[in-house]
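Counting in this note's numbering, the sequence shown runs from 116 upward without gaps.
Even glycine gets a Cβ: it sits at the ideal position worked out from N, Cα and C.
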Amino acid sequence: MNDYFAFIIGILSAGIGGEFFVRGVVGLAHWARISPGIIGATVAAFATSSPELSVAVNSALEGQPQISLGDALGSNILNVALILGLALIVSGIQTPRDRTKRDFLTALLTPVVIGILCLDGLLSRIDGLILLSIFFVWIILVVIEVRRQQSAADEVLGEHRNWLAIIFCVVGFACLIVAGHLIVVGGKGIAISFGIDEFVTGATIVAIGTSVPELATTMISKMRGHEEVGLGTILGSNIFNSLWVVGIAATIFPISVSWREVSVALIFGLVTVALTFPTSRGVIERRRGVLLVALYVVYVATIL
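Rendered as structure tokens:
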């Protein structure tokens, strides 16, 4: 199959699969009376991070885990700097600090942890287990908050019958798995033709493809007036990518790290997340969107 054709079909599959999967899991979460912010940071974030997980497993099993590391870190920057940046340019986001504090601090901590683990030039299986352990601690904190919540969830991305939500989940997840495989195959072929190394391929070409579901979720949430879901999805997706996806990839196959390349992605990832913290009035202003998009342009120019 032509590499460009495989990559394009992969992007389309990621978008379609992400849309179906998000609608399915949100339908189930709505039925389970979970609040919109928790939905965004967990089930929607897991759904939209499924392409990155598929890429991680496929590339690690093929002995090329650098693609998965580049994809995860690159997707994090793209999620915040480009996707959230574009949403902010449309209009600012209103969200109280207390609703994002836990996820914001975790998303801010993960680049620091990965940077420390990469200092020896290798993300080992032990390092992968450390990342997975931090991830499960975060999940436990989320579960505790869910159990503490008493109010029913608001309508988020549409209400479905339970059986229809399950069908959406299955169909969407199948599309995401196919998308992950096609994006890896197409992205690798394109990179080889241009002489681009594996990490840069993951951090740019593959990252764009696997971030299509986050883009769809954020824009749908924005258009329907559920900004908390979009912001939660972005922050939650970054946490999933950094801890869950990279952790699994490193556990399957240790990742050799070029500190020069990784440090650029980690620094930009740290700065972009820092720019998402709401003001004391609980607002993320439109001007931050312009700054975030500008930072993404600088990041791509730097990494290339």
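Per DSSP, residue 219 is one residue of the alpha helix (DSSP H) stretching across 212-232. Bridge pairing for residue 398: 209 [DSSP].
Between residue 382 and residue 391, the gap from beta carbon to beta carbon reaches 8 Å or more.
In the structure shown, residue 128 adopts helical secondary structure according to DSSP, grouped into three states.
Runs of the beta strand (DSSP E) lying entirely within the region 346-404 and spanning at least 3 residues: none are present. Secondary structure of residue 419 (DSSP, three-state): coil. Secondary structure note for residue 260: its alpha helix (DSSP H) is the uninterrupted segment 240-263.
Of the candidates 263, 228 and 182, 182 places its Cα closest to the Cα of residue 307. Here the alpha carbon of residue 233 sits roughly 44 Å from the alpha carbon of residue 278. Within the same chain, Cβ atoms closer than 6 Å to the Cβ of residue 322 are found at 186, 189, 190 and 193, the five residues on either side in sequence being excluded.
DSSP places residue 326 in no alpha helix (DSSP H); its state is neither H nor E. Below 8 Å, too few C-beta pairs join the region 366-381 and the region 214-221 to call them touching: fewer than three.
Using a Cβ distance threshold of 8 Å, residue 365 and residue 180 count as a contacting pair. The straight-line gap separating the alpha-carbon atoms of residue 262 and residue 196 is approximately 32 Å. Within the model, the alpha-carbon separation for residue 223 versus residue 388 is close to 6 Å. For residue 237, the beta-bridge partners assigned by DSSP are 371. The beta carbon of residue 243 sits closer than 6 Å to those of 362, 365 and 366, all from its chain and outside the five residues before and after it, given in chain order. Across the set 386, 417 and 255, the C-alpha of 386 shows the shortest separation from the C-alpha of residue 403. Counted as a single uninterrupted DSSP element, the alpha helix (DSSP H) harbouring residue 192 occupies residues 180-192.
Less than 8 Å divides the Cβ of residue 298 from the Cβ of residue 170.
For residue 338, the closest C-alpha among the options 203, 131 and 166 is that of 203. Assignment of residue 310 by DSSP, reduced to helix, strand and coil, places it in the coil class. Taking C-beta atoms under 8 Å as the contact rule, residue 161 and residue 283 fail to qualify, at a distance of about 14 Å.
If you check the CB distance, residue 305 and residue 122 come in under 8 Å. For residue 131 against residue 329, the beta-carbon gap comes to about 14 Å, at or over 8 Å, which does not count as contact.
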